[in-house]
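A.B. asks:
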Amino acid sequence: MNDIQKQIQQERDEARAVCDSSGASSQECAAAWDAVEELQAEAAHQKQQPEKTSFDVYCEDNPDAAECRVYDD
């Protein structure tokens with residue numbers, strides 16, 4: 695997660711530089727801020743996905759284990 699935060703900060707810095715040189719109403723400025731927004735959306739999406747527990751990882755590696763079996767009623 696820390697890696698995406700670094701990317702977001704780099705894109706913000708780049709967007710500010712582009713907007714300073716091209717103007718705040720330029721297409722380049724808008725595109726640069728769109729890239730920042732996309733990265734922020736991805737970071738939010740990653741936060742929403744729950745991390746796998748040790749048990750989940752174990753069951754993925756050992757689907758035939760007795761404790762990982764799922765019975766349909």
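Each residue of the sequence shown is one higher than the one before, starting from 695 at the first, in the working numbering.
Glycine included, C-beta positions come from ideal geometry on N, C-alpha and C.
Report all residues from its chain with a CB closer than 7 Å to the CB of L733; omit the five preceding and five following residues, and keep chain order.
C.D. replies: I698, Q701, I702 and E705.
A.B. asks: Specify the secondary structure class of R763 as computed by DSSP and reduced to three states.
C.D. replies: Looking at R763 - three-state DSSP - the assignment turns out to be coil, as it is neither helix nor strand.
A.B. asks: List the whole-angstrom C-beta distance separating C753 from A760, where the pair is believed to meet the contact cut-off of C-beta under 8 Å.
C.D. replies: In fact, because the Cβ distance is near 11 Å, the residues do not count as touching under 8 Å.
A.B. asks: Below 6 Å CB to CB, which residues in the same chain sit around A729 once its five sequence neighbours on both sides are set aside?
C.D. replies: Answer for A729: E705, listed in chain order.
A.B. asks: With distances taken Cα to Cα, identify the nearest neighbour of W727 among H739, F749, A737 and E708.
C.D. replies: If we check each option's Cα against that of W727, E708 comes out closest.
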